[in-house]
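Colleague:
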Amino acid sequence: MREITFQQALIEAMREEMLRDERVFLMGEDVGLYGGAYGASKGLFDEFGPERIRDTAISEAAIVGAGVGAALTGMRPIAEIMYIDFTGIAMDQIANQAAKVRYMFGGKARVPLVIRTSCGSGRSFAAQHSQCLEAWFMHVPGLYVVMPSNPYDAKGLLKTCIRDDNPVMFIEHKMSYKMKGQVPEEEYLIPLGQADVKRAGGDVTVIAISTMVQRALKAAEELAAEGIEVEVIDPRSLVPLDMESICNSVKKTGRVIVVHESVERSGPGAEIATRIMEEAFDYLDAPVKRLSGKNCPMPCSPVLEEAAVPQISDIIGAVKEII
Amino acid sequence: MALSKKDMVEMYRRMLLVRYFEEKVDELYGLGKIKGGTHLYAGEEAVAIGACAAIKPDDYITSTHRGHGHCVGKGGDPKLMMAELWGKKTGYCKGKGGSLHIADLGSNNLGANGIVGGGIPIATGAGLSIQMRKSKQVVLCFFGDGASNTGSFHESLNMGGVWKLPVVYICENNLYGMSVPAAKACAAQPDIAIRAASYGMPGQVADGMDVLAVYEAVKKAADRARKGSGPTLIECKTYRYKGHSKSDPRAYRTREEEAEWQARDAIASFRKRLVGKGVLTEKEAERIDNEAYEYIEASARFAEESPYPDVSELLEDVYVD
Ligand SMILES: Cc1ncc(C[n+]2csc(CCOP(=O)(O)OP(=O)(O)O)c2C)c(N)n1
Ligand SMILES: [Mg+2]
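Protein sequences, first through last, are from chains A and B.
Numbering of the first sequence is given in numbering that gives the first Met the number 0, commencing with residue 0 and proceeding in unit increments.
Numbering of the second sequence is given in numbering that gives the first Met the number 0, commencing with residue 0 and proceeding in unit increments.
(1) Given the structure, does Y214 of chain B come close to ligand 2, in the sense that its CB is under 7 Å from one of the ligand's heavy atoms?
(2) List the residues of chain B whose Cβ lies closer than 7 Å to the Cβ of D29 of chain A, in chain order.
(3) Beta carbon of M177 of chain B: closer than 7 Å to some heavy atom of ligand 1?
(4) Given that a residue counts as buried once 16 or more other Cβ atoms are within 10 Å of its Cβ, and exposed if not, what is E243 of chain A?
(5) How would you write the range of the beta strand (DSSP E) that C118 of chain A sits in, first residue to last?
(6) Looking only at its own chain, which residues have a Cβ that is under 6 Å from the Cβ of R65 of chain B, when we skip the five neighbours before and after it?
(7) Whole alpha helix (DSSP H) runs in the stretch 164 to 196 of chain B with 4 or more residues, listed along the chain?
(8) Residue range of the beta strand (DSSP E) that I321 of chain A falls in?
(9) Nearest-angstrom Cα distance between C249 of chain B and D202 of chain A?
(10) What's the gap between the Cα of P267 of chain A and the Cα of G38 of chain A?
(11) Using a Cβ-based criterion (distance less than 7 Å to any ligand heavy atom), does G143 of chain B qualify as near ligand 2?
(12) Can we count N321 of chain B as close to ligand 2, meaning its CB is less than 7 Å from some heavy atom?
(13) G200 of chain A to E230 of chain A, Cα distance in whole Å?
(14) Does the distance between the C-beta of I57 of chain A and the nearest non-hydrogen atom of ligand 1 fall short of 7 Å?
(15) Could you check if E315 of chain B is buried or exposed, using at least 16 other CB atoms within 10 Å of its CB as the buried criterion?
(16) Does DSSP put D309 of chain B in a helix, in a strand, or in coil?
(17) Quick one: which chain A residues come within Cβ less than 9 Å of H100 of chain B?
(18) Taking three-plus beta-carbon pairs below 8 Å as touching, is the stretch 243 to 252 of chain A in contact with the stretch 213 to 222 of chain A?
(19) Short of 7 Å in beta carbon distance, which residues of its chain neighbour H67 of chain B, apart from the five on each side in sequence? Order them along the chain.
(20) Would K154 of chain A pass as a contact of A12 of chain A if the rule is Cβ separation under 8 Å?
(21) I'd like to confirm something about V115 of chain B: is its beta-carbon nearer than 7 Å to some heavy atom of ligand 1, or not?
(22) Name the one or two DSSP bridge partners that T61 of chain B has.
(23) Can you have a look at D284 of chain A and say buried or exposed, based on whether 16 or more other CB atoms are within 10 angstroms of its CB?
(24) So N157 of chain B contacts chain A; which residues on that side make the cut at Cβ distance below 9 Å?
(25) Strictly under 8 Å for the Cβ-Cβ distance: is Y307 of chain B near chain A by that measure?
(26) Quick one, which residues of the stretch 111 to 132 of chain B are near chain A if we go by CB-CB under 9 Å, in chain order?
(27) Give the residues of chain B in contact with A307 of chain A, contact being defined as C-beta atoms less than 7 Å apart.
(28) Name the chain A residues that come within less than 8 Å of Y251 of chain B, Cβ to Cβ?
(29) Hey, could you find the ends of the beta strand (DSSP E) T204 of chain A is sitting in?
(30) Between which residues of its own chain and R101 of chain A is the CB-CB distance below 6 Å, once the five residues before and five after are set aside?
(31) How would you label D84 of chain A, buried or exposed, when you count the other beta carbons within 10 angstroms and need 16 or more for buried?
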């Protein structure tokens, strides 16, 4: 199968959906001629022009809000917020408007809006350009939260999100854009709420999110050499969350570690661990462990940045502790 | 208070420090020695240096993601700035902030900001504090043309206008917000300064390539603010010489446009003026130039030789103990 980058996978997904449905369009800062801060819309401006690949002013509240309004009235917008850190500016439109309109209006409205944004550390961009904020959005009923970990998932999930009639936070890790992976030429979709077992194993379940999936896979490889078999599960969407796949794995292994880059306190791990306790307590042989970002803002200094998020060695350490 | 010869020489020196700092930073990023995000101020020196020369040491500024010029303008030490960019313990923020968050609180620089427009409400609040404390200080609030389209800009200028706060809002219009031309992003053309009318304050355009023109405009606005007559919006027309960031191919502007602006270089023309007026001899100007260059070289050595923070510092400074 051919290999393409995560960035190309996103471009293909948007391109195919724009060709399929003329109501789909993209707007955001520098998405046009520049091709997006992380190149995730390169070439689309040339093909579709400034009507459907719209550069906006630096106005995050209006970017999302215009997306809500356009979605309510028959369009299917993709709004790009350059960094997830900037969603703070658009939070009213995301959490009070996009997420709640349908419910408030008695189920009569639809908001088919995808908010694509980038997250994560790894480039020493410090506290306002490095966060993983998926938990903010998981907390708001009415939003879906999707975090792909490789090009194949990115493409299949983005296409599904564009076709979905609900508002979706589609969160891309900034260290993923150049990652290569196998992606078929033929069309495919990946449903939301379907976790993927990225590696099978019977000793410990590691539930990993976004780039932590790759780290968990490397850790699993090293551990396999020592005879420890790790099952790596990628939820792919945090809302909806595929508890069935997670519980099936817990039944097999009895031991679970949730690994994510976002800050530990009230992070996705808190939710996932609680759900496991509620739904699979009888199968647990040890308390569910969390391995996550430290409870501090992201520092600039490379040495501190590295210490702030789980590394492969930390995952190996956690597996050995729980076993 | 007119500018003394000494003041003008100091302005010239600081402009050079900024330029050499940016060139050095560009080089160090290119070599991969410094990581992180940085936005270079080269080309825009006249704005920060002219504006900061018009206020007193205990006045405040808020800065931006393109903040190195503001920091030097307010009296910051390039050594500590360079160490900060490098993520070293000796930097202004112990390496925790980096380029995007340099804050020299000791010189009342309330910090660079990673959020475009993020500093504008903060400047407004500092103005409110001055008014409530009756301290006679002023605030210079720097931001870009792109930032003038944020809600923060509009909400803050309105609040500042209503309360007549002692803030000088300084828009550094370098024609682009990343790749998007101001001409396409701002509905009202051709000047951002006209927006002042909506917020009950004077608006003025200044030549951002002329350090003395910026000085004059800011001086007048700061005097007005100090008297309690309220804020002013000053738009400085300027140009950033480098790409928005390291990977920017600058496809949105022409090389001819770049050359036109560089031909009006603010440092070269100020030097000519100083020598022409007899404030400096050619030889003195050259010596100041060399010293600035050497200081930046020394700053880079200082930063490189400084230690990284200890990992144990990661969880420090999150809260006041
Ligand atoms: C709220 C927010 N949106 C977007 C960005 C990404 N970004 C950083 S600088 C920049 C352009 C800013 O333009 P302008 O205000 O004109 O300042 P300049 O860079 O030209 O100095 C953008 C879009 C950001 N940092 N913060
Ligand atoms: Mg600009």
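Backbone N, C-alpha and C define an ideal beta-carbon position, used for all residues, glycine too.
Modeller: This is what the structure gives:
(1) Counting from 1 along the second sequence, the entry for residue 214 of chain B is found at position 215. Checking the Cβ of Y214 of chain B against ligand 2 gives no.
(2) Translated into positions along the first sequence, residue 29 of chain A becomes position 30. By Cβ distance, chain B contributes M177, S178 and V179.
(3) Position 178 of the second sequence holds residue 177 of chain B. Yes, Cβ of M177 of chain B sits closer than 7 Å to a heavy atom of ligand 1.
(4) Locating residue 243 of chain A in the first sequence gives position 244, where the first residue counts as 1. E243 of chain A is exposed by the Cβ-count criterion.
(5) Counting from one through the first sequence, the residue named residue 118 of chain A turns up at place 119. That run of the beta strand (DSSP E) goes V113 to C118.
(6) By 1-based counting over the second sequence, the position of residue 65 of chain B is 66. Contacts found: H38 and Y40.
(7) 181 to 184
(8) Position 322 of the first sequence, counted from the start, is the residue given in the question as residue 321 of chain A. Counting along the chain, I321 of chain A falls outside any beta strand (DSSP E), though it belongs to the alpha helix (DSSP H) covering I311 to I321.
(9) By 1-based counting over the second sequence, the position of residue 249 of chain B is 250. By 1-based counting over the first sequence, the position of residue 202 of chain A is 203. Note on residue identity: the sequence assigns Arg, not Cys, to residue 249 of chain B. Looking at the two C-alpha atoms, the distance is approximately 52 Å.
(10) Here residue 267 of chain A refers to the residue found at position 268 when the first sequence is read from its first residue. Here residue 38 of chain A refers to the residue found at position 39 when the first sequence is read from its first residue. Each residue's alpha carbon lies about 28 Å from the other.
(11) Position 144 of the second sequence, counting from 1, holds the residue named residue 143 of chain B. Answer for G143 of chain B: yes, Cβ within range of ligand 2.
(12) For chain B, the structure presents residues 0 to 320; residue 321 of chain B sits outside this window and is missing.
(13) Start at 1 with the first residue of the first sequence, and residue 200 of chain A comes out as number 201. Start at 1 with the first residue of the first sequence, and residue 230 of chain A comes out as number 231. G200 of chain A and E230 of chain A: Cα-Cα distance of roughly 4 Å.
(14) One-based indexing of the first sequence puts residue 57 of chain A at position 58. Yes, since a heavy atom of ligand 1 falls inside the 7 Å radius drawn around the Cβ of I57 of chain A.
(15) By 1-based counting over the second sequence, the position of residue 315 of chain B is 316. It counts as exposed.
(16) Working through the second sequence from its first residue, we reach residue 309 of chain B at position 310. Coil, per DSSP.
(17) Walking along the second sequence from the start, residue 100 of chain B turns up at place 101. Going along chain A in sequence order, the residues near H100 of chain B (Cβ under 9 Å) are A125, A126, Q127 and C299.
(18) no
(19) Position 68 of the second sequence, counting from 1, holds the residue named residue 67 of chain B. Same-chain partners within the cutoff: V17, F20, E21, Y40 and M80.
(20) For the purposes of this step, residue 154 of chain A is identified with residue 155 of the first sequence, where counting begins at 1. For the purposes of this step, residue 12 of chain A is identified with residue 13 of the first sequence, where counting begins at 1. Yes, the pair counts as a contact, with Cβ atoms nearer than the cut-off.
(21) Start at 1 with the first residue of the second sequence, and residue 115 of chain B comes out as number 116. At least one heavy atom of ligand 1 is nearer than 7 Å to the Cβ of V115 of chain B, so yes.
(22) On the second sequence, position 62 is the one that residue 61 of chain B refers to. Paired residue(s): B:C140.
(23) The residue labelled residue 284 of chain A in the question sits at position 285 within the first sequence. Result: exposed.
(24) Counting from one through the second sequence, the residue named residue 157 of chain B turns up at place 158. Simply none; closest approach about 16 Å.
(25) The count along the second sequence starts at 1 and reaches residue 307 of chain B at position 308. Cβ-Cβ to chain A under 8 Å: yes for Y307 of chain B.
(26) N112, G113, I114, V115, G116 and G117
(27) For the purposes of this step, residue 307 of chain A is taken as residue 308 along the first sequence, with counting starting at 1. Ordered by position in chain B, the residues that pass the 7 Å Cβ test against A307 of chain A are L313.
(28) Reading the second sequence from its first residue, position 252 is the one you call residue 251 of chain B. Result: L32 and Y33.
(29) Mapped onto the first sequence, residue 204 of chain A falls at position 205. From DSSP, the beta strand (DSSP E) with T204 of chain A extends over V203 to A207.
(30) Locating residue 101 of chain A in the first sequence gives position 102, where the first residue counts as 1. So the list reads A108, once near-sequence residues are dropped.
(31) Here residue 84 of chain A is taken as the residue at index 85 of the first sequence, counted from 1. Classification of D84 of chain A: buried, given that the 10 Å Cβ count is 16 or more.
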